[in-house]
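Trainee: Residue numbers (this note's numbering): 267 to 408.
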């Protein structure tokens, strides 16, 4: 798998730990103290992968996006937006981060900013049709 995905694969067990801990976080009956502990650990696991995986690691955008999703779920919105902006800076040609940023901006009532993000993204992404598909997928999911 290292040959297929790159050197960052050796750190992916931290990603799996984050997924497992997120399941526990969402389990009914978990107390506030345990949820807070788990949310910190989950983000820490994802941060580990992001920090140590090389920037050309094929799964890095997915890990970064999962981190944003969890930050938003935990109510750490400012950090989530920062994570999306970091993703766009690192991977400007990938449509998903642009679409997700616009989606979160719309949810926050910031329509004009969302449209600006999408307009700018159209000139950056490798495939504008992929951007449109990501926007439609997010809209349909919610």
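Using N, Cα and C, we set each Cβ at its ideal position, and we do this for glycine too.
Output needed for residue 281: all residues of its chain with C-beta closer than 6 angstroms, excluding positions within five of it in sequence on either side, in chain order.
Mentor: Translated into positions along the chain shown, residue 281 becomes position 15. If we look at residue 281 and ignore the five residues flanking it on each side, its Cβ neighbours are 315 and 329.
Trainee: Ordered along the chain, which non-local residues of its own chain (more than five positions away) have a Cβ less than 6 angstroms from that of residue 283?
Mentor: Here residue 283 is taken as the residue at index 17 of the chain shown, counted from 1. Contacts found: 311.
Trainee: Can you tell which of 325, 317, 356 and 331 has the C-alpha that lies nearest to the C-alpha of residue 391?
Mentor: Against the chain shown, residue 391 aligns to sequence position 125. The shortest Cα separation from residue 391 among 325, 317, 356 and 331 belongs to 356.
Trainee: Below 8 angstroms between beta carbons: does that hold for residue 366 and residue 337?
Mentor: Locating residue 366 in the chain shown gives position 100, counting from the first residue. Locating residue 337 in the chain shown gives position 71, counting from the first residue. Result no, Cβ atoms of residue 366 and residue 337 do not sit closer than 8 angstroms.
Trainee: Can you tell me whether residue 331 is buried or exposed? The criterion is at least 16 other CB atoms within 10 Å of its CB, across all chains shown.
Mentor: Position 65 of the chain shown, counting from 1, holds the residue named residue 331. By the 10 Å Cβ count, residue 331 comes out buried.
Trainee: For the putative contact between residue 288 and residue 308, defined by C-beta atoms under 8 angstroms, what is the C-beta separation to the nearest angstrom?
Mentor: Taking the first residue of the chain shown as 1, we reach residue 288 at position 22. Taking the first residue of the chain shown as 1, we reach residue 308 at position 42. Their Cβ separation, rounded to whole angstroms, is 6 angstroms, which keeps residue 288 and residue 308 in contact under 8 angstroms.
Trainee: Report the rounded CA-to-CA distance for residue 347 versus residue 276, giving the unit in angstroms.
Mentor: Here the question's residue 347 lines up with position 81 in the chain shown. Here the question's residue 276 lines up with position 10 in the chain shown. Roughly 28 angstroms between the two C-alpha positions.
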